[in-house]
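Chemist: Start counting the sequence shown at 126; every next residue gets the next number (the working numbering). In this text, a Cβ means the ideal position worked out from N, Cα and C, and glycines have one as well.
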Amino acid sequence: MVIIGVLACFIVLIVLGSAGAAKGRRKSGSVSYVRRSLMTSREREFFVLLRAALPVGVEIYAQVSMGALVDVARGARWERNRFDRKVMDFVVCAVGGAVLYVIELDDRSHAGESAQRRDAVKNDICAAAGLPLVRYRSVRTEASTLRADFERFAGVAASVSVGAVWPVLRCDV
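1. If you compare alpha carbons, which of A253, D274, V189, G280 is closest to M213?
2. Cα separation between A252 and L258?
3. Out of curiosity, what's the CA-to-CA distance linking G222 and V156?
4. For R151, count neighbouring C-beta atoms within 10 Å of its own C-beta (all shown protein chains included) and say buried if the count is 16 or more, exposed if not.
5. Suppose you measure from the CA of T266 to the CA of G154; what does that come to, to the nearest Å?
6. Output the distance between the C-alpha atoms of S263 and I228, rounded to the nearest integer angstrom.
7. Exposed or buried, what is A254 when buried is set at 16 or more other beta-carbons lying within 10 Å of its beta-carbon?
8. I'd like to know if the region 191–201 and the region 230–237 are in contact, where contact means that at least 3 CB-CB pairs between them fall below 8 Å.
9. Are Y226 and V220 closer than 8 Å when you measure CB to CB?
10. For I185, tell me which candidate among F171, S269, G192, V197 has the shortest Cα-Cα distance.
11. In angstroms, rounded to a whole number, what distance separates the CA positions of V224 and A193?
12. Go ahead and label L271 buried or exposed: buried means 16 or more other beta carbons lie within 10 angstroms of its beta carbon, across all protein chains shown.
13. Which residues bound the beta strand (DSSP E) around F215?
14. Quick check: the Cα distance between I159 and T165, rounded to an integer number of angstroms?
15. For A268 versus A187, is the C-beta spacing smaller than 8 Å?
16. Give, in chain order, every unbroken run of the beta strand (DSSP E) that is at least 3 residues long and sits entirely within the region 215–256.
17. Roughly how many whole angstroms lie between the Cα atoms of A332 and V195?
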């Protein structure tokens, strides 16, 4: 009986201590936040070029989580952790919101070994999910190249079933 009483007191002290610590953290103001830009200057420059190159009505979204685009069809749900917090630079959608393909801008920051491993994960997951991924190395990609890629995916997307495997295109423009 005494042991139960001691354990109960111990549990109450732990609960009260953690509640007090949580309240203290909220009141302390030790965390501060700062607003970020949605896109880098290079991404904004590319967005303007992409918007001008693609047909009116095409929807372009920036900084979209892979978790919003891809899911685990079968297997362990924890596999989502490999990609759900990764972000795609741009998602190109048909009128009405159907995803046609995704775009990644590869600048100098993608040259390192760890960046290439992260890119390979995106490549593999997009290919396995049937989500076309186009990589451009330059924000100054020709409008004709952007239009040709769009036309290829817009025309093919209507005739391909969900789950088809797509290659990763790399445009070294």
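Modeler: Quick answer:
1. Numbered from 1 along the sequence shown, position 88 holds the residue referred to as residue 213. Taking only the C-alpha atoms, the option nearest M213 is V189.
2. Taking the first residue of the sequence shown as position 1, residue 252 is located at position 127. Taking the first residue of the sequence shown as position 1, residue 258 is located at position 133. When rounded, the distance between both Cα atoms is 8 Å.
3. Mapped onto the sequence shown, residue 222 falls at position 97. Mapped onto the sequence shown, residue 156 falls at position 31. Cα-Cα distance, rounded: 37 Å.
4. Stepping through the sequence shown from its first residue, residue 151 is reached at position 26. Below a pLDDT of 50, predicted positions are generally treated as unreliable, and R151, at 45, falls in that range; the measurement from the model is reported next regardless. That one is exposed.
5. Residue 266 sits at position 141 when you count from the first residue of the sequence shown. Residue 154 sits at position 29 when you count from the first residue of the sequence shown. Roughly 45 Å between the two C-alpha positions.
6. Taking the sequence shown and counting its residues from 1, one reaches residue 263 at position 138. Taking the sequence shown and counting its residues from 1, one reaches residue 228 at position 103. Going by the C-alpha atoms only, they are around 12 Å apart.
7. Counting from 1 along the sequence shown, the entry for residue 254 is found at position 129. By the 10 Å Cβ count, A254 comes out buried.
8. no
9. Translated into positions along the sequence shown, residue 226 becomes position 101. Translated into positions along the sequence shown, residue 220 becomes position 95. No, they are not a contact pair.
10. To locate residue 185, count along the sequence shown from 1; it is residue 60. Per the Cα distances, F171.
11. Taking the first residue of the sequence shown as position 1, residue 224 is located at position 99. Taking the first residue of the sequence shown as position 1, residue 193 is located at position 68. Their Cα atoms are separated by approximately 11 Å.
12. In the sequence shown, residue 271 corresponds to position 146, counting from 1. Buried: at least 16 other Cβ atoms inside 10 Å.
13. What you label residue 215 is simply residue 90 of the sequence shown in a count that begins at 1. First-last of the beta strand (DSSP E) with F215: 212–218.
14. Position 34 of the sequence shown, counted from the start, is the residue given in the question as residue 159. Position 40 of the sequence shown, counted from the start, is the residue given in the question as residue 165. For the sequence presented, residue 159 should be read as Val rather than Ile. Roughly 16 Å separates the two Cα atoms.
15. Taking the sequence shown and counting its residues from 1, one reaches residue 268 at position 143. Taking the sequence shown and counting its residues from 1, one reaches residue 187 at position 62. Contact: no.
16. 224–230
17. What is shown of the chain runs 126 to 298, which leaves residue 332 out entirely.
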